[in-house]
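Participant:
Residue numbers (the working numbering): 2 to 255.
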């Protein structure tokens, strides 16, 4: 790997690559948005801690199949080494999810259960730039998620680049998410301790707009707009309430 301690961008296969000017959005609770407002950072949790138990499926299946093979042969030492490699690879992988879908009822209802959530919008280039400016020594990529049947991948080899591709695959029922991910895999020797999450810095240029849940009450909208105006780094960013649930004839340009 390069000697530089800066992040290293991975080259994605065509199925996962995405244009740099693609607009992407992330939905979150108001508490998560306020955390961003105070810290000026995005948080990338460890992927193995995400809710879907099938995340990183190919990585786990590849190693588990090989571990079982060596165990059957009585090669317990090799099996233990592979188990350690699997755990090490899963420990060093972090990510954050966005969507290419401009707006949808499903996203508001899933990610804003209290009706007060926030949608932030940016583009792929800005997300890559934020990662590049993080000074985290990792291999990373921003790619679109490939949806298909999850299956054992016999051609997966020990390598962080292929690990990144494995973290960009999801089962078909999730296809409606239209997901884009930033995946980062630490470039460190085995045995290092990794945090449960990492953060990357952002500034006012990161956001293109901030949208408030269409179900939010007027006072909640006013409070969030006031909060953004009170923050020097947020006050120049357009903040509006979604008009998704208004009659078409009642919608207005904001």
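Note that CB positions come from ideal geometry on N, CA and C, so glycine has one too.
Would DSSP call residue 127 helix, strand or coil?
Facilitator: If DSSP states are grouped into helix, strand and coil, residue 127 belongs with the helices.
Participant: Using CA coordinates, which residue listed in 224, 34, 195, 78 is at the minimum distance from residue 90?
Facilitator: Nearest of 224, 34, 195, 78 to residue 90, Cα basis: 195.
Participant: Where do the N-terminal and C-terminal ends of the alpha helix (DSSP H) with residue 69 fall, by residue?
Facilitator: Counting along the chain, the alpha helix (DSSP H) containing residue 69 begins and ends at 58-73.
Participant: Going straight from the alpha carbon of residue 200 to that of residue 9, what length do you get?
Facilitator: Residue 200 and residue 9: Cα-Cα distance of roughly 16 Å.
Participant: Going by Cα to Cα distance, which pick from 186, 80, 101 is closest to residue 178?
Facilitator: Per the Cα distances, 101.
Participant: Under a three-way DSSP split, which group does residue 79 fall into?
Facilitator: It is helical.
Participant: For the beta strand (DSSP E) that residue 33 lies in, which residues bound it at each end?
Facilitator: Counting along the chain, residue 33 falls outside any beta strand (DSSP E), though it belongs to the alpha helix (DSSP H) covering 31-40.
Participant: Pick from 176, 93, 123: whose alpha carbon is nearest that of residue 45?
Facilitator: Here the closest residue by C-alpha is 93.
Participant: Check whether the Cβ atoms of residue 118 and residue 182 sit closer than 9 Å, and answer yes or no.
Facilitator: No.
Participant: With a 10 Å radius around its C-beta and 16 neighbouring C-beta atoms as the bar for buried, classify residue 159 as buried or exposed.
Facilitator: At residue 159, the pLDDT of 48 sits below 50, so the modelled position is not reliable; the number obtained from the coordinates is stated separately. The residue is exposed, with fewer than 16 neighbouring Cβ atoms inside 10 Å.
Participant: For residue 13 and residue 166, what's the separation of their Cα atoms in angstroms?
Facilitator: Each residue's alpha carbon lies about 7 Å from the other.
Participant: Roughly how many whole angstroms lie between the Cα atoms of residue 282 and residue 215?
Facilitator: Residue 282 cannot be examined here, being either before or after the span of the chain that is shown, 2 to 255.
Participant: Kindly indicate the opening and closing residues of the beta strand (DSSP E) around residue 141.
Facilitator: Residues 139-145.
Participant: If you draw a straight line from the C-alpha of residue 180 to the C-alpha of residue 116, how long is it?
Facilitator: Approximately 22 Å, taken between the alpha carbons.
Participant: Where are the alpha helix (DSSP H) runs, 4 residues long or more, that stay fully inside the segment 83-129, in chain order?
Facilitator: Fully enclosed alpha helix (DSSP H) runs of 4 or longer: 106-112.
Participant: Per DSSP, what kind of secondary structure is residue 159 in: helix, strand or coil?
Facilitator: Residue placement at residue 159 is poorly supported in this model, since its pLDDT is 48, which falls under 50; the coordinates are not used for a value here.
Participant: Under the criterion of a Cβ to heavy atom distance below 8 Å, does residue 116 qualify as lining the ligand HEM?
Facilitator: The ligand HEM is absent from the structure shown, which contains no ligand whatsoever.
Participant: For residue 194, which residues does DSSP report across the bridge?
Facilitator: Its beta-bridge partners do not exist; DSSP assigns none.
Participant: If distances are taken between C-alpha atoms only, which option among 18, 7, 30 comes closest to residue 221?
Facilitator: Closest by alpha carbon: 30.
Participant: Which residues in the same chain as residue 16 place their Cβ atom closer than 6 Å to its Cβ, once the five residues preceding and following it in sequence are excluded?
Facilitator: Counting only Cβ-Cβ distances below 6 Å, and skipping sequence neighbours, we find 147.
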